[in-house]
Amino acid sequence: MSNQNLFATLRAAFPADLDRVAVETDNGLLYSWRDLDRATAMVANLLQSLDIPKPADGMPPRVAVQVEKSVEAMVLYLATLRAGFAFLPLNTAYQSGEIEYFIGNAEPAVVVCSSKNFSWVSAIAFKAGTRHVFTLDDDRSGSLLERAAHCSDRQTPVQRGEDDLAAILYTSGTTGRSKGAMLSHGNLTSNAVMLKDYWGWQPGDVLIHALPIFHVHGLFVAIHGALLNGSTMLWHGKFDPKRVIADLPRATVFMGVPTLYVRMLGESALTQSQAAHMRLFISGSAPLLIETFNDWQARTGHTILERYGMSETIMLTSNPYRADARYGHQSERRGGTVGFPLPGVSVRVRGDEGADLPVGEIGGIEVAGPNVFSGYWRMPEKTAEEFTADGFFKTGDVGQQDARGYVTIVGRSKDLIISGGYNVYPAEIESVLNDMPGVAESAIVGVPHPDFGEVGVAVVIARPGATLDAEQLLGALKARLANFKIPKRCFIAAELPRNTMGKVQKNLLRNRYQGLFTDA
Ligand code: MCA
Ligand code: AMP
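Letter by letter, the sequence shown follows residues 16 to 535 in the numbering used here.
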């Protein structure tokens, strides 16, 4: 049987001439395809040489990684696949409490962290039973590479079936702790192979990679796309609008969350001629405002292609790249929509009673297909709750589909704020706030923001007799949670508005603070 290991598929797509440039970094380093092949073999060999007990649950060993963006971090991801282990990426903004939960829950055999965090991350990892903790920094230093330097640069990708676990991506929930979405080699491969065709990847394409590599967008969609096409990546360690614009004449494809497009539009260097060499701009992870879509078209002459994805499903809908008879759709990229269900992916809109809704009616978006994850790590009940009896995953997004097939997301049934492309769950922040001295209760709501699209605002009620200071509360939150989760403003109020059932009326709070950062 052929090897379904995603790495094997990506490796088979490397160009014949392995000396060509695969990655060029913004600090002037060049990596050839041969470099990627050898480096991933060495790190895979290191992983395989470790003394790791065979997990009792039959799952592959997990490699949990919280490191700054670097080509070596991508190599570690690819090497993990190559060795047949499962990759667990962690946002660099996560604080110790958050990391402790992920490591405790996933029980990784290997943890890789930045050297500056080694003392506290290793303490957490060793306590959780992890025996191997390595460091990796964004200047090609750290114990991982030191150890891998002694390993062979040849390795045969470990045999994997399409249902075998390749990665665990933690996503928060409206209640309870984060859930680890289990993605298989088959999920990732099918989505990547289909998108290569759907987005018309072609010889000579060059991708600007400016997203973080600990979430679906930067780690899977961008990297798999470029690797499967044998395309060079112009690698940006951190998003800087000026540097991306400067690279446009050498590139053809760019992927970003809406905030990246908003920030680039703020630069006078963004012009039609500067973008003339580009073939495709793709946006996703958060709603792209129609103003941004129109402004981009007016300024650059390019129509942004918006698509829709989730950690649990990778990509599920996309606007078209071009008219394609095979897919039976027209060529128009419609602003404000997320396009059509992708080939092989079934998307439907259902009402509260579980019945399919007629065209144009608003309901819950559900999805099935080879892209959909198998379930949440060690949470069978949560998994069962999120799937329908006939096997569709309930996205928690609310939308509609028009007669031509275009899907529009109009809201969310889940209490979620998407800020600059990162998900922020009010329940998590409220529970940390509510545990603070003097706090009786709190509510977090999302309001429009010109840069991040949406940001959180906190409304906090003091216990009788207690005096609260908004800035102190925000400072205390910052010590506990990733920085992007911290509300941008905090108000101390006398009470929270409630309906007759006693439920907090977040819509009233949202209306109250609607215009805090914009003219909305
Ligand atoms: C940074 N800050 C933020 C955010 N990012 N606040 C709210 N939301 C954010 N997203 C705050 C920090 O807390 C800090 O505040 C200050 O901004 C500066 O931090 P810094 O890290 O320097 O910010 P930045 O470099 O300007 O980052 C902004 C960014 C970044 C480039 C837009 O957030 C980003 O790369 N976002 C992309 C996220 C992404 O890749 N999402 C894909 C998820 P202070 O100074 O007060 O501490 S995948 C997904 O959603 C699905 C599956 C899909 O469909 O793709
Ligand atoms: P995550 O939990 O990080 O995987 O985020 C997935 C969520 O991001 C989805 O359920 C949507 O709510 C949102 N999302 C992704 N792409 C889009 C988009 N193009 N427009 C609106 N929301 C999006």
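No residue lacks a Cβ here, since even glycine has one placed at the ideal position from N, Cα and C.
Under 7 Å from any heavy atom of the ligand AMP, does the C-beta of residue i make it?
i	result
V231	yes
A301	yes
E321	yes
I424	yes
N438	yes
G411	yes
T204	no
R363	no
T247	no
R427	yes
T186	yes
Return yes when at least one heavy atom of the ligand MCA lies under 7 Å from the C-beta of residue i, else no.
i	result
M325	yes
I501	yes
G461	no
S158	no
T274	yes
L226	yes
G351	no
K84	no
S283	no
S434	yes
V470	yes
N526	no
N244	no
F254	yes
F467	yes
N498	yes
Between the options, which lies nearest to residue i when the distance is taken from Cα to Cα?
i	options	result
K493	R527, N514, V125 and V447	V447
A237	V268, I260 and F254	V268
T150	R419, V519 and V80	V80
I319	S137, T307 and M330	T307
W13	P373, D153, E113 and E122	The first residue shown for the chain is 16 and the last is 535, placing residue 13 beyond what the model contains.
S428	G366, N449 and A370	G366
G201	G453, Q174 and G195	Q174
L263	F254, H251, A290 and P465	A290
P172	G369, T247 and A181	A181
M16	E445, E177, V475 and V208	E177
F102	L93, A370, S346 and V86	L93
A442	K521, P463 and L483	K521
P502	V413, A301, P463 and L511	P463
S111	K397, A261, S199 and R495	R495
V337	I329, S346, M330 and L331	For clarity, residue 337 is Arg in the given sequence; the question names Val instead. That would be S346, whose Cα lies nearest to the Cα of R337.
N120	R169, V126, L62 and K194	K194
V413	S298, R419, N438 and L372	L372
P273	L488, I260, A284 and P302	P302
Y185	V127, Q487 and N106	N106
L357	S199, W250, N334 and D168	N334
N449	A370, V82 and A491	A491
F296	L524, G343, P395 and W311	W311
R294	L96, W214, V127 and I329	W214
Hey, residue i and residue j are a contact pair by Cβ (cut 8 Å); roughly how many whole angstroms apart?
i	j	result
M6	S326	Outside the shown range of the chain, which is 16 to 535, sits residue 6, and nothing can be said about it.
D52	R26	7 Å
W216	G233	Rounded, the Cβ-Cβ distance is 17 Å, inconsistent with contact.
A458	A477	Going by Cβ atoms, the distance from A458 to A477 rounds to 14 Å, so no, they are not a contact pair.
G144	E115	G144 to E115, Cβ: 13 Å. No contact.
G43	P75	Contact doesn't hold; Cβ gap of about 36 Å is too wide.
V470	F532	7 Å
L203	F235	6 Å
F355	E381	With 8 Å as the limit, F355 and E381 do not qualify as a contact, their Cβ atoms being about 16 Å apart.
D179	S85	Not a contact, Cβ separation roughly 27 Å.
M248	H230	That belief does not hold up - the Cβ atoms of M248 and H230 are roughly 17 Å apart, past 8 Å.
F506	A485	7 Å
S129	V90	With a Cβ gap of about 16 Å, S129 and V90 do not count as contacting.
According to DSSP, residue i sits in a beta bridge with which residue or residues?
i	result
H147	V125
G468	H464
S298	G271 and E321
A182	F102 and L198
L243	The partner list for L243 (beta bridge, DSSP) is empty, contrary to what the question assumes.
H224	W250
T47	According to the sequence provided, residue 47 is Ser. The question's Thr does not apply to it. Answer by DSSP bridge pairing, in chain order: V36.
F408	V382 and F402
H344	D339
Is there at least one Cβ from chain C nearer than 8 Å to residue i's Cβ?
i	result
F235	You won't find chain C in this structure, because it holds only one protein chain.
_Ignoring anything shorter than 3 residues, give me the beta strand (DSSP E) runs that lie fully in the stretch 54-129, in order along the chain._
77-81, 101-104 and 125-128
*Could you pull out every unbroken alpha helix (DSSP H) segment of at least 4 residues lying fully inside the stretch 438-512, listed in chain order?*
441-449 and 485-495
_Runs of beta strand (DSSP E) lying entirely within the stretch 352-406, each at least 3 residues, in chain order_ = 361-365 and 378-383
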